[in-house]
Amino acid sequence: MSIPVRTAPARRLLQGSEAIAEAMIAAGCRFFAGYPMTPFTEVLEHMARRLPEVGGVCMNAESELEAVGMAWGAAATGTPAATGSTGQGLSLMQESLAEITLARLPLVVLNMARAQGDYWQATRGGGHGDYRHIVLAPIDVAEAVELVQLAFHLTATWRNPVLVFGDYYLAHTARSVDIKSMHFGPPPATDWALTGETGGTGQAKLVSFLGSAKQRDDVGYDLAVHYAACAQHTARMLGEVTPMLDTGMTQDAEVVVVAFGTPGSYVRAAVRSLRDEGVRVGWARPVTLVPFPSSALAGALQGAKAVAVYENNTGQMVDDVRLAVLGAVPVEFIGGVSLDSSGFGIAPDLDVAVLRRRILEVVDRHR
Amino acid sequence: MKERETRRVIPTDAPPTAPARLVEDFTPDLIDVGAHHLCPGCGEPIAIRSVMEAVAELDLVRRTIAVFGIGCYTAFSNNLDVEVLQALHGRAPSVATGVKRARPDAIVITVQGDGDMVSEGLQEVLHTAARGENVTCIMLNNGVFGETGGHMTATTVLGQRTKTSLEGRDAVTHGRPILLADLVARLDGAAFVARCAVNSAGNVARTKKVILRALQTQASGAGFSLVEILTMCPTGWFVETAEAPDYLADSLATVHTGGVLKDFLATSPTSPSTTVP
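So the sequences go chain by chain: A and B. What the first sequence shows, in this note's numbering, is residues -1 to 365, in sequence order. What the second sequence shows, in this note's numbering, is residues 272 to 548, in sequence order.
As structure tokens, then:
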């Protein structure tokens, strides 16, 4: 007698942290290092459990400084690597994140932020020198599963760190998701990666943020040449990575509400409920914060009388929205710092009734 | 002519009897370019040379990844014919950990100074040693930030004058020096710990021996190894170049005393029997 075997359903109910961990493994991540901090902690927990099962390594670093150092070392060997923390922990990592970028290394960095106060840290970089990171901001767990995998593809392609900007809601919300391995074509060559095997050939590899050209006739590194090459590479990357913008109901909208990350779903719900009552509003959500989808956003805002920006901070993305519209439309800020007593980013303002009221105030002012 | 002989001046009144010897003739195979910008009398090139010779002698050239910190010795990080990963000031041990965990077959060596390892990044080396991470850390200890021009580090000895301890380091104002090798030797994860110096021919030979032993420790998988090498820094010490070796013996070496502090391979019953003299 045989019992028919039922294949496991592809969809599983997963907490965001676990889904992100599974997506990293599906994308080929085989090295992770971290230091616990809410709401990043569960990502580390899941990686500690899952990576050894697939032949990878997860390190309990003694601080965020060592977490990013360990990830740096693994990345230099061509091993798909990631680290992460909250914005506070990422502040500690910034020196290394800046230099990893100038060393032209691939690395995925997660910011499971407390609210949205790290927009400037993420998009401008908290470190020193001229560098940029690609920044992706998922709205929910399902989109995070895709963007995390895209992050590994982009970081391997451009050899430049890619930051995934999440938060408490993303990390702690459980959703039914399908962790499908995404394919982006053949992986880029890793002939730059250290193996230890090129010693003694006269061509031993060097991976250095001071420039990876070996010294030959003179002494020292040439930082002017290296930084100019890095700047050229950054410009090409920012020009060629496709900016992504998610929009809805912007066609005839008088007011378009712009938000990024998980608050986008509350804004979307508020806009839909106002539409149901005949109020001509729409929403737009930058999915890539770097490169910022300026052209697409300016296009979506054509015909609008005003733009309202919601962020759970004091208004950091507002600058980028204003740069996108270049004065063509007034840009008003309808967000603000909204936290519960824990400070982890649970926001009383993320309430459709509250958002509706603020959006209507903008609509009324621009009638 | 007599004067010439005593002063060993090359005679120019006859054809040369041997080809001229250039810097390259004295440069170990694994150092690509013999020239560097380090000061006359600096001990760091001797230490780097010793490390490279040890790598070659143990036939580890095709397995080695060196992780460099930031200091004067960084002049060598783009100058070697072994693979190099440049790390930040203080951060080489965690970076080396990532390299080793991702490529366990590689021989991973960090090169750091006392400012780098003991001042900026002390917790990195301590945790790496405590984990028994199977890497070798080389610490070039001259008791001073040489690259910035002679400032006090965590290993500066009491009485030593630096630009930031002008009257000499005193315990009340500046605290006491950290004896790094002694500290690391107390950690269970450390398998080999030694302190040596490059201020005399005998000490250079002993330095080479302990580096060989540290690399053997790593190659055998026994765990963390540390070699602390006392190096001359006449510029940062504000002493005459020729006096620096003796100054090292009279100051730094009286506090950071030499010797093998721990040698797991010598005490392990299954290990090779050779010990470091």
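Idealized CB from N, CA, C, for every residue including glycine.
Express the C-alpha separation of residue j and residue i in angstroms, rounding to a whole number.
i	j	result
Asp453 (chain B)	Gly87 (chain A)	32 Å
Arg477 (chain B)	Ala325 (chain B)	12 Å
Ala222 (chain A)	Leu208 (chain A)	10 Å
Leu299 (chain A)	Val254 (chain A)	7 Å
Ala59 (chain A)	Gly82 (chain A)	11 Å
Gly421 (chain B)	Ser471 (chain B)	23 Å
His398 (chain B)	Gln314 (chain A)	38 Å
Ala520 (chain B)	Ala456 (chain B)	22 Å
Ile332 (chain A)	Val379 (chain B)	53 Å
Ala285 (chain B)	Ala291 (chain B)	14 Å
Leu204 (chain A)	Val352 (chain A)	55 Å
Glu315 (chain B)	His527 (chain B)	17 Å
Ala113 (chain A)	Arg484 (chain B)	52 Å
Lys273 (chain B)	Pro282 (chain B)	Note on Lys273 (chain B): pLDDT 48, under 50, position unreliable in the model; the coordinate value appears next. One C-alpha to the other measures close to 12 Å.
Gln383 (chain B)	Leu359 (chain B)	10 Å
Gly414 (chain B)	Gly218 (chain A)	24 Å
Gly14 (chain A)	Ala135 (chain A)	14 Å
Arg466 (chain B)	Ile449 (chain B)	13 Å
Ala140 (chain A)	Arg48 (chain A)	20 Å
Asp189 (chain A)	Arg374 (chain B)	15 Å
Gly85 (chain A)	Thr525 (chain B)	46 Å
Val406 (chain B)	Thr426 (chain B)	23 Å
Asn311 (chain A)	Ala345 (chain A)	11 Å
Ala69 (chain A)	Phe29 (chain A)	7 Å
Val316 (chain A)	Ala326 (chain A)	14 Å
Assuming the contact rule is C-beta atoms closer than 8 Å, residue i and residue j should be a hit. Round their C-beta distance to whole Å, please.
i	j	result
Ala17 (chain A)	Ala142 (chain A)	7 Å
Ala96 (chain A)	Gly125 (chain A)	3 Å
Ile482 (chain B)	Val322 (chain B)	6 Å
Ile137 (chain A)	Gly246 (chain A)	Their Cβ separation, rounded to whole angstroms, is 12 Å, which puts Ile137 (chain A) and Gly246 (chain A) out of contact at 8 Å.
Gly280 (chain A)	Thr248 (chain A)	4 Å
Leu243 (chain A)	Val162 (chain A)	In fact, because the Cβ distance is near 17 Å, the residues do not count as touching under 8 Å.
Gly340 (chain B)	Met388 (chain B)	7 Å
Gly76 (chain A)	Ala191 (chain A)	3 Å
What did DSSP end up calling residue i once you bin it into helix, strand or coil?
i	result
Ala25 (chain A)	coil
Asp116 (chain A)	coil
Arg283 (chain A)	strand
Ser174 (chain A)	strand
Thr381 (chain B)	strand
Glu60 (chain A)	coil
Ser348 (chain B)	coil
Val55 (chain A)	strand
Arg466 (chain B)	strand
Pro543 (chain B)	Residue placement at Pro543 (chain B) cannot be trusted, given a pLDDT of 49 that sits under 50; the coordinates are not used to answer.
Lys480 (chain B)	helix
Arg356 (chain A)	helix
Phe150 (chain A)	helix
Val327 (chain A)	coil
Ala304 (chain A)	strand
Lys371 (chain B)	helix
Asp165 (chain A)	strand
Asn371 (chain A)	Within the shown structure, residues of chain A are numbered from -1 to 365, placing residue 371 (chain A) beyond reach of any answer.
Arg48 (chain A)	helix
Phe416 (chain B)	strand
Arg363 (chain A)	helix
His445 (chain B)	helix
Gly276 (chain A)	coil
Compare the C-beta of residue i with all C-beta atoms of chain A and state if any pair is closer than 7 Å.
i	result
Leu536 (chain B)	no
Arg320 (chain B)	no
Ile336 (chain B)	yes
Leu356 (chain B)	yes
Thr368 (chain B)	yes
Leu450 (chain B)	no
Ser522 (chain B)	no
Ala549 (chain B)	An answer regarding residue 549 (chain B) cannot be provided, because it is not within the stretch 272 to 548 covered by chain B.
Ser365 (chain B)	yes
Ala425 (chain B)	no
Need the endpoints of the beta strand (DSSP E) that residue i sits in, please.
i	result
Leu293 (chain B)	From DSSP, Leu293 (chain B) is part of no beta strand (DSSP E); its letter is neither H nor E.
Cys408 (chain B)	407 to 412
Ser496 (chain B)	495 to 501
Ser83 (chain A)	79 to 83
Val107 (chain A)	106 to 111
Ile132 (chain A)	132 to 134
Determine, using beta carbons only, whether residue i comes closer than 7 Å to chain B.
i	result
Glu51 (chain A)	no
Phe29 (chain A)	yes
Glu195 (chain A)	yes
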